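S.K.: Numbering (our numbering), first residue to last: 234 to 312.
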Amino acid sequence: QIPTETKLYKGWSHTDPILEAPMRGDHSYHGDVYELVCMWTGENNDQRHKTRIFDERHPMLQPIGPSVLVEAARFCNPF
234 QIPTETKLYK GWSHTDPILE APMRGDHSYH GDVYELVCMW TGENNDQRHK
284 TRIFDERHPM LQPIGPSVLV EAARFCNPF
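#1: In the DSSP assignment, find the unbroken alpha helix (DSSP H) run with Phe287 in it and report its ends.
#2: Please classify His260: is it buried, with 16 or more other beta-carbons within 10 angstroms of its beta-carbon, or exposed?
#3: Can you look up Trp245 in the DSSP assignment and give me helix, strand or coil?
#4: When the Cα atoms are used, what is the spatial distance from Pro236 to Gly275?
#5: Spatial neighbours of His291 within its chain, please: CB distance less than 6 Å, with the 5 preceding and 5 following residues excluded, ordered by chain position.
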């Protein structure tokens, strides 16, 4: 038996974690993945991890474009 965990992101489709959300500056999915990788690799118990907390305020994680354009693209998305 393999332990599993499910987290649903309200209002998200299958493309939101990699397209729409990051374009809007929402990296909550990536932060969750980062924390899970740290847990699986034992980084949570490592004192060095305390300085490598996923920081959504990092300048590289800012919105790429206006939300209205992201929503328009989402509406036109053929998937």
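We put the beta carbon where it would ideally sit given N, CA and C, even for glycine.
These numbers were taken from a predicted model, which means no experiment stands behind them.
M.R.: Per the coordinate set shown:
#1: Taken as a continuous stretch (DSSP letters only), Phe287 belongs to no alpha helix (DSSP H), as it is neither H nor E.
#2: buried
#3: coil
#4: 16 Å
#5: none
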